[in-house]
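Sequence lines, in order, name chains A and B. If you count by the numbering used here, then the first sequence holds residues 1 to 1027, one letter each, in order. If you count by the numbering used here, then the second sequence holds residues 10001 to 10481, one letter each, in order. Note that the Cβ used here is the ideal one computed from N, Cα and C, for glycine as well. Predicted model, so just to flag it, every value in this text is computed and none were measured.
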Amino acid sequence: MMRKSPCLLLLLLTPLHAQERLSYNRDIRPVLSKNCFACHGPDEHAREAELRLDSADAALKGGESEKPAISPGKPEESLLVSRIFHSSAKKVMPPPDSHRQLTAAEKDLLKRWITEGAVYEGHWAFQAPVKPALPQGSDLNPIDRFVAATLAKDGLAFSPEADRATLLRRVSFDLTGLPPTPEEIASFEQDREPGAYERQVERLLASPRFGEQQAAAWLDASRYADTNGYSIDGGRNQWLWRDWVIKAFNDNKPYDAFLTEQLAGDLLPNATEQQQVASGFNRNNANTHEGGTIAEENLVNYVADRVKTTSEVFMGLTMACAQCHDHKFDPVSQRDYYRFFAFFNTVGDAPHDGDGGNNSRPSIMAHSCLANETEANGIRAELQQAKAQLAQPDPAGLAAWEKGEREDQAKAGKDFKLTPLIAESATSPNGDPERIKIEDDGSVSIRGGDYAAYNVMCRLPQNGQAVKGIRVEFLPTEAAKGKLGFAGVGGLEQNLVMSTITTSASSFPALNVDLNNSLPMARISASASQEGYGPERLRDTTPTNGWAPPTGSTTPQYLTVTFGRPVDPGSTPYLTTELMFNFGGSASPARFRIYAFGGADDASPHPADVTAALAMDAAQRSPEQQARLEAYFRTMAAPTAALRYRIANLEERLSVLTQEHSVMVMNTAPKPRVTHILERGVYSSPKDEVKPGTPGSLPTPPEPADRELTRLDLAKWLTRPDHPLTSRVEVNRVWSAFFGKGLASSPADFGMQSTLPTHPELLDWLATDFMANGWDVKALIRNIVSSRTYRQTAVASPELQKRDPRNDLLARGPRFRLSAEQIRDQALFTSGLMVERLGGPSVKPYQPGDLWRQISHYGSSPATSQTFVQDHGEKLYRRSLYTYWKRTLPPVSLAVFDAPNREICSIGRASTNTPLQALVTLNDPQYVEASRAFAERLAKLGNNDDSKLAECFLRMTGRAPVEQELVVLRGTLKRERERFRADPAAASALLATGESPRDPALDPIEHAAWTQTCSLLLNLSEALTRP
Amino acid sequence: MNAPLLLDRRAFLGRSACGIGGIALHSLLAEGMAMAARGEEVRPEMFQPIAPKAKRVIFLFQSGGPSHMDLFDGKDSLDKLHGSNLPDSVRAGQRVTGMTSGQSSFPVLKPISPGKRCGPSGVWISDLLPWTQKIAGEICVMRSMHTEAINHDPAITLANTGSMQLGHASAGAWVSYGLGSENKNFPAFMVLISQGTGKNPDQPIFSRLWGSGYLPSQHQGVILGAGKEPVLYLDNPDGVTREQRRATLDDLAVLNTRFGEQAADTETMARIQQYEMAFRMQASVPELTDLSGESQETLDLYGPEVRKPGTYAANCLLARRLAERGVRFIQLFHRGWDQHVAITRQLPNQCRDTDQPSAALVMDLKRRGLLEDTLVIWGGEFGRTVYSQGQLGSASSGRDHHGRCFSLWMAGAGVKAGYAHGETDDFCWNITKDPVHLRDLHATMLERLGIDHNKLVFPYRGLDQKLTGVEPAKVVTEVLT
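See below:
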């Protein structure tokens, strides 16, 4: 069975009707291209025996033997036939060492084609599409006419229309990326007037979610990301461009304009701000600021990526193959490649750029195109309300917090014992080792300001006592003018700012901290702190944030860290601490000493006046002291953090809606770089100079005498009505989003190696109709989703599945797994957690640990995004297309579901089925929290288990459960109730997952049991499927 | 074999980015952890004209560029040349990175530590690697490796994916794709990461180094981490027990089976198996990382850091345990080899981290009979310059990147033991005998697994993509028995 499968594959490539005349494009060219063209094709450097088989003239003429390789109608006189059937290994073609081999069926096919006259055809995708006549038939939608005609040839017919529940779930996901609500399902079910389905389609097309769903795929294609990609992979800000994409889809921007603005928005006459933003498409490429890399090489890489992306996305042509040599299969020479390259080489970008989270040049400040005053006013009102809420006295909250803090203070200093440690090693990975000195007293001094991480290793005292934590004391030195540090920043003169502190213990003298075993920090306190630089800031690994002692201090100041678990000096006698000074501005310390301590830290995590006020009875405090305490509670204490996050998030949103932000765009350099053909694609081997131009084998654009062609000319050329590729490639890409695969199965490769479309006439009809309709994307989509073809049930008989396993013939509806984004979005949406906001900067929802720091350059670079700092509040619940995309470590829970890393353009995703996916939807806190919130949502519906189960089922699958299913779910619920009743602590533990608040009035046992049940329903295979 | 299911899996794959007929048959099979889960043998005969010598690979990747003349290619000539300027005739126009291109002189720096001639081949191994010296009779040192890349990102990408360009599949993903899984409790390709103490933080690494590129994403390496949750999302939520999870999965299977049958959806049937494997992994991973069954003698062999999760030593022991459990491709990434500065301080630390555990792994595999069908590779993305970066003799000086020649070693799976391959000139700058490109290493690795590197292809973007890329690659038969 297994070994036969390749033959089955072949069957699909061969005519399904044995007596039909062979077609060069359909039957012959794929065989020749795969087996012969590498040596007898368009690449003249690789050509053997001067023979070319990809053109009729050349094949008829023959190669150096001067005998025709092909003699039409006369296989016996055709050298090709004698060589492919040759029995000698020395003579047979393809030669065995090419690792290519023709099957018997392929040999027969070639012979038969020559017998039939060896008629060559131009490559279908390089011929301008001509609108084909509609086949006869009763279907109104032209798509269905073409599909029906193909089906009829095979004696097949359409499958019945899917039921309404299935249809609505299908079209809702396809158009908006979210499932239908129970209300929408009911409204569709009840609408028995003609046009009910069409009304749903119109509603979905008009939803702003439409743009988000369509943008998601475009972000893959245009390799959108939030980091620079190469090497250090620091952060960038390109979300304004993403906003533009969303709006373009929502506004139904015609595709020719969509293309033109992205390729050449900056070159349009009187280019608007948003047209410039659109040109950011060609700045989405990876780049680097790393000094060791070679400037010319970087610039070649950047432009090569623009060629690759532009040619694959808009033309379905793999031009990247011609960077080093003429294309092996497609008529793209190396000269063509570098002429195309020249279009993008005129930009004024820099080879090393984009450090410190700043966008690389050229960039502009611009507004989000999604900004609108209505939302801004709403945000202003919300902000006002949230700030008022924070300002509102909260005596009960304050009292509870005070009680906890007083208990903490009561323990402070108990059995506290400090032991000074002797630094045995002090290093900095990238800093100058001569700068660091271990003093005679075991302290460490630094000569001059630096930007560095200092790793200090000390031996712990072997007195049998557990080490509860460390204290780092900062000392004044003469070099620092009698102060504690070297900062030259206003307000922080001669101070230090510590960004993070990380400690590990080991059995051997580890000179560097071990990130895999860093000791958790239970409590951080300081002797005193500069306003705005409290010790709790050390928990946040953001470089620009940290702890500083009061500026101007001339006496020692210290920081104390209590570990989450004590260190046993017996088994791990060495302690290594990394003190990170990433703040910049030379804000590094002059001298410091590390102590170990036993007992409880005697210092307070709060400023002295707050600590003093806390120690007093409320009645004894002065009004000023009380006010200070209340203010501190509002601005710093844990219980008010959620409200503060809310305010910060709202303020950021208001800024998105009202302020300008940076975005990378294209421009033309004052002195554009000259483009040369590069031998073997190597930057250091420039050959002939070339001017911008398009591949010679495609229709050529008019070349003005007085100037060079520009990207705008390129866009105009791509959108001419006789361009053979642009429209076909786009309608095929759109089609594939709705059917899981394109009519042409390789959406980024319409070249000679691609397989023929399953429905070539339909593809051409759609392509020509698309242009005739003014490149109207929504009209195209409306046409597709309204078709009978699209609306068929996906349930197929075993016979049909066997006959057409890939559904090439479209005799049934398309069914596939939801995308990574859709799976997460569905959980957020159905549970009611989702916070929908259109556009804006990327967000960082839950991700386990700090995976970024494990692989990054943290501590050696001002680049951002070297550590993962999770967001809070609404940013945990935004739609997944807004999730922060770090290229060298893309969001893990999305990557598990086949999301690409976006280092390069990728069109269409694989759809795999793996155990890691199960672990995500079962265990990721995002999904556990969604189950908990879903359960809370259901609890509001009352006490009828069946109706709540039905509601949850409906939201997750789009249909009501049947009795058999309810029986299983009742069992689940019963079992989970019993389980949590027996172990209420387990219920509380489960319900503690996630940061969203839970209604404390709900019975924890009941809530936990329902959480488990909702989790089960979130994991239904049906729930993961777009039916 | 259940034919309809197989056909449908192809249908399913046909929807992938790469599409029609693009998926080689064996990948459909390799696809199937679900199939492997049913105990079906999935060896792709069509790609195995060669009898496999290796069932698995352990790639001990030393990220940053270990210094070849300091570790494996020291020679007397360097003592004599120490302090002299590297002649232009030797440098031969080799481009240097932006970090030393401005340097006015290029003084030769001899190996920072003495070494010994070891094993039957008499290969020079530094005294910084006393344990590696002990296994000299088991390993084959390749002294004539070379690469075009001279900066980390392209170099490490080439060493791990066969190309300096972004977007290609990693070696482990290729092997997973080609051979599938050999077990039903673990993914086929697992990755373990450690930080060197020589330099921290060192150059970054990237998930593309174990990514699947254009191959289906289930072939990407799965990280086995050091925290309490070694595989991400492995643990049940707090408050949920294993029994509870089992019962939930049973209910889920009932509902899914009903749906799968009614909707004739074989994807759903496969998904039920994936959930079962996830459940098994929840037991098999903790069992893997629980070292309580290891003897004290074994733990001692790997050295004092072996008990500390996330260290190179712990990862080496886990590599052996993964090998025993049938994981096809096990890759360690150890950072910290980028000694631009302070090489005399940093390099000994790097060696101390890695020397004993690497050697222990080879010894341990050997005594358990696993070395004969496990290919172990130790090496990085390039070597380092013979000349000093920074002032010769300064404590802060180091060596820059060097791609024209570098050293690595292999062991097991019928690779010649106690053998040295290739030679470099007196300056350890140019190869004088038997050059081996990184793609030749990839070809050789695949050959050991029974795969012809020219036949393990994946059609993508109009090209039959291969791990070894478009340039010719050759199996280094001279080092094979």
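#### Entry: Proximal residues to L511 of chain A (C-beta, below 8 Å), its chain only, five neighbours per side dropped
In the first sequence, residue 511 of chain A corresponds to position 511, counting from 1. Correct list, in chain order: S425, T427, N455, M457, T576.
Return the CA-CA distance between L10128 of chain B and C10351 of chain B, expressed in angstroms with no decimal places.
Within the second sequence, residue 10128 of chain B is the residue found at index 128, counting from 1. Within the second sequence, residue 10351 of chain B is the residue found at index 351, counting from 1. L10128 of chain B and C10351 of chain B have their alpha carbons spaced roughly 6 Å apart.
Check: Which chain A residues sit within Cβ distance under 7 Å of L10224 of chain B?
Finding: By one-based count along the second sequence, residue 10224 of chain B stands at place 224. Ordered by position in chain A, no residue passes the 7 Å Cβ test against L10224 of chain B, which lies about 12 Å from the chain.
| Interface partners of Q10195 of chain B on chain A, CB under 9 Å | Position 195 of the second sequence, counted from the first residue, corresponds to residue 10195 of chain B. Residues of chain A passing the Cβ test: N512, V513, D514, L515, N516, Q854.
How would you call A391 of chain A, buried or exposed, if buried means at least 16 neighbouring beta carbons within 10 angstroms?
Taking the first sequence and counting its residues from 1, the one referred to as residue 391 of chain A is at position 391. The residue in question, A391 of chain A, is exposed, as its Cβ has fewer than 16 Cβ neighbours within 10 Å.
request  = List the residues of chain A whose Cβ lies closer than 9 Å to the Cβ of L10192 of chain B, in chain order.
outcome  = Taking the second sequence and counting its residues from 1, one reaches residue 10192 of chain B at position 192. When 9 Å is used as the limit between beta carbons, L10192 of chain B is near no residue of chain A, the shortest such separation being about 10 Å.
Counting contacts by CB-CB distance shorter than 8 Å, is F329 of chain A in contact with chain B?
Stepping through the first sequence from its first residue, residue 329 of chain A is reached at position 329. It does; some Cβ of chain B falls within 8 Å.
For D688 of chain A, report the span of its beta strand (DSSP E) as first-last. Counting from 1 along the first sequence, the entry for residue 688 of chain A is found at position 688. Per DSSP, D688 of chain A belongs to the beta strand (DSSP E) from 686-690.
Between G10390 of chain B and chain A, is any beta-carbon pair separated by less than 8 Å? Numbered from 1 along the second sequence, position 390 holds the residue referred to as residue 10390 of chain B. Cβ-Cβ to chain A under 8 Å: no for G10390 of chain B.
> Quick one: what does DSSP say G10032 of chain B is sitting in, helix, strand or coil?
Replying inline: If you number the second sequence from 1, residue 10032 of chain B lands on position 32. Here G10032 of chain B scores only 35 on pLDDT, less than 50, and its place in the model should not be relied on; the value that follows carries that caveat. DSSP places G10032 of chain B in the coil class of the three-state scheme, outside both helix and strand.
| said: Taking only three categories from DSSP, how would you classify G10293 of chain B? | reply: For the purposes of this step, residue 10293 of chain B is taken as the residue at position 293 of the second sequence. Residue state, collapsed to three classes: helix.
Once the 5 residues before and after H17 of chain A are set aside, which same chain residues still bring their CB inside 8 Å of it?
On the first sequence, position 17 is the one that residue 17 of chain A refers to. Because the pLDDT at H17 of chain A is just 47, under 50, the model does not fix this residue reliably, and the point stays unresolved.
### Query
Nearest chain B C-beta to A910 of chain A closer than 8 Å, yes or no?
Taking the first sequence and counting its residues from 1, one reaches residue 910 of chain A at position 910. With respect to chain B, the C-beta atom of A910 of chain A has a partner C-beta closer than 8 Å.
Notebook entry, point to check: So, are the CB atoms of A466 of chain A and D568 of chain A less than 8 Å apart?
Noted result: Against the first sequence, residue 466 of chain A aligns to sequence position 466. Against the first sequence, residue 568 of chain A aligns to sequence position 568. Against a cut-off of 8 Å, the Cβ pair of D568 of chain A and A466 of chain A comes out as a contact.
query: Start and end of the beta strand (DSSP E) containing K437 of chain A?
result: Locating residue 437 of chain A in the first sequence gives position 437, counting from the first residue. Per DSSP, the unbroken beta strand (DSSP E) holding K437 of chain A starts and ends at 436-438.
Would G10462 of chain B pass as a contact of F341 of chain A if the rule is Cβ separation under 8 Å? For the purposes of this step, residue 10462 of chain B is identified with residue 462 of the second sequence, where counting begins at 1. For the purposes of this step, residue 341 of chain A is identified with residue 341 of the first sequence, where counting begins at 1. No, Cβ-Cβ distance for G10462 of chain B and F341 of chain A is not below 8 Å.
Starting from the N-terminal side, write out each stretch of the beta strand (DSSP E) that is 3 residues or longer and does not extend beyond the region 10413-10465 of chain B.
Runs found: 10419-10421, 10431-10433, 10458-10460, 10463-10465.
- Within the same chain, show all residues whose beta-carbon is closer than 7 Å to that of K778 of chain A, passing over the 5 residues directly before and after it, in chain order. Taking the first sequence and counting its residues from 1, the one referred to as residue 778 of chain A is at position 778. So the qualifying residues of the chain are L205, N252.
Requested in this report: Count the other C-beta atoms from every protein chain shown that fall within 10 angstroms of the C-beta of L743 of chain A, then say buried if there are 16 or more, exposed otherwise.
Outcome: Translated into positions along the first sequence, residue 743 of chain A becomes position 743. Of the other Cβ atoms in all chains shown, 16 or more fall within 10 Å of the Cβ of L743 of chain A; this residue is therefore buried.
**Request:** Whole angstroms is fine: what's the gap from W885 of chain A's alpha carbon to V277 of chain A's?
**Result:** The residue you call residue 885 of chain A lines up with position 885 of the first sequence. The residue you call residue 277 of chain A lines up with position 277 of the first sequence. So the alpha carbons of these two residues sit roughly 20 Å apart.
Q) Taking just the CA atoms, how far does E44 of chain A sit from L876 of chain A? A) Within the first sequence, the letter at position 876 stands for residue 876 of chain A. Within the first sequence, the letter at position 44 stands for residue 44 of chain A. It is roughly 56 Å from the alpha-carbon of L876 of chain A to the alpha-carbon of E44 of chain A.
Would the region 915-931 of chain A count as touching the region 10269-10281 of chain B if we require 3 or more Cβ pairs under 8 Å? The region 915-931 of chain A makes contact with the region 10269-10281 of chain B; the number of CB pairs closer than 8 Å reaches 3 or more.
ask   = Are the beta-carbon atoms of P10052 of chain B and G10336 of chain B separated by less than 8 Å?
value = Taking the second sequence and counting its residues from 1, one reaches residue 10052 of chain B at position 52. Taking the second sequence and counting its residues from 1, one reaches residue 10336 of chain B at position 336. No; because the gap between Cβ atoms is not below 8 Å, this pair is not in contact.
So, under 8 Å CB-CB, W124 of chain A and L22 of chain A are touching, yes? Tell me the CB distance rounded to an integer number of Å. One-based indexing of the first sequence puts residue 124 of chain A at position 124. One-based indexing of the first sequence puts residue 22 of chain A at position 22. About 15 Å separates the CB atoms of W124 of chain A and L22 of chain A; that is not less than 8 Å, and the two are not in contact.
List the whole-angstrom C-beta distance separating Y558 of chain A from A608 of chain A, where the pair is believed to meet the contact cut-off of C-beta under 8 Å. As a first step, residue 558 of chain A is located in the first sequence; it is residue number 558 there, counting from the start. As a first step, residue 608 of chain A is located in the first sequence; it is residue number 608 there, counting from the start. At roughly 14 Å, the Cβ-Cβ gap does not stay under 8 Å, so Y558 of chain A and A608 of chain A are not in contact.
Note to self: With a threshold of 8 Å between beta-carbons, can S831 of chain A be considered close to chain B, or not?
What the structure shows: Sequence index remark: in the first sequence, residue 831 of chain A carries index 831 (1-based). No, S831 of chain A lies away from the interface with chain B (no Cβ there is under 8 Å from its Cβ).
**Asked** Could you give the distance in angstroms between the alpha-carbon of R10399 of chain B and the alpha-carbon of V10386 of chain B?
**Response** Translated into positions along the second sequence, residue 10399 of chain B becomes position 399. Translated into positions along the second sequence, residue 10386 of chain B becomes position 386. Going by the C-alpha atoms only, they are around 7 Å apart.
Practice item. Please go through the same chain and pick out, in chain order, the residues whose beta-carbon is closer than 7 Å to the beta-carbon of S588 of chain A, but skip the five residues on each side of it. Key: Numbered from its first residue, the first sequence carries residue 588 of chain A at position 588. Excluding residues within five positions, the ones whose Cβ falls inside 7 Å are I446, G449, D450, A452, G485, F486, L496, F581.
Should V962 of chain A go down as buried or exposed, given a rule of 16 or more other Cβ atoms within 10 Å for buried? In the first sequence, counting from the first residue as 1, residue 962 of chain A sits at position 962. Exposed, by the Cβ-count rule.
key: Under 9 Å by beta carbon: chain A residues contacting M10410 of chain B   = Position 410 of the second sequence holds residue 10410 of chain B. Going along chain A, no residue has its Cβ under 9 Å from M10410 of chain B, so there is no contact; the nearest lies around 25 Å.
Query raised in the report: Are the C-beta of S10397 of chain B and some C-beta of chain A separated by less than 8 Å?
Result: Numbered from its first residue, the second sequence carries residue 10397 of chain B at position 397. No, no contact with chain A.
Worksheet item: Can you list, in chain order, the stretches of the alpha helix (DSSP H) that have 4 or more residues and sit fully within the region 373-410 of chain A?
Response: Along the region 373-410 of chain A, the alpha helix (DSSP H) occurs as fully enclosed runs of 4 or more residues at 373-391, listed in sequence order.
What residue range does the alpha helix (DSSP H) around P182 of chain A cover? Sequence index remark: in the first sequence, residue 182 of chain A carries index 182 (1-based). Counting along the chain, the alpha helix (DSSP H) containing P182 of chain A begins and ends at 182-190.
- Message: Does E660 of chain A come out as helix, strand or coil in the three-state DSSP assignment?
- Response: By one-based count along the first sequence, residue 660 of chain A stands at place 660. Three-state result, E660 of chain A: coil.
**Q.** Cβ shell of H352 of chain A (< 6 Å), same chain only, five flanking positions each side left out
**A.** For the purposes of this step, residue 352 of chain A is identified with residue 352 of the first sequence, where counting begins at 1. For H352 of chain A, the CB contacts under 6 Å within the same chain, skipping 5 residues up- and downstream, are H289 in chain order.
Worksheet item: Which residues in the same chain as D256 of chain A place their Cβ atom closer than 6 Å to its Cβ, once the five residues preceding and following it in sequence are excluded?
Response: Within the first sequence, the letter at position 256 stands for residue 256 of chain A. Taking C-beta separations shorter than 6 Å and ignoring five residues to either side along the sequence, the partners of D256 of chain A in its chain run T719, W775, following chain order.
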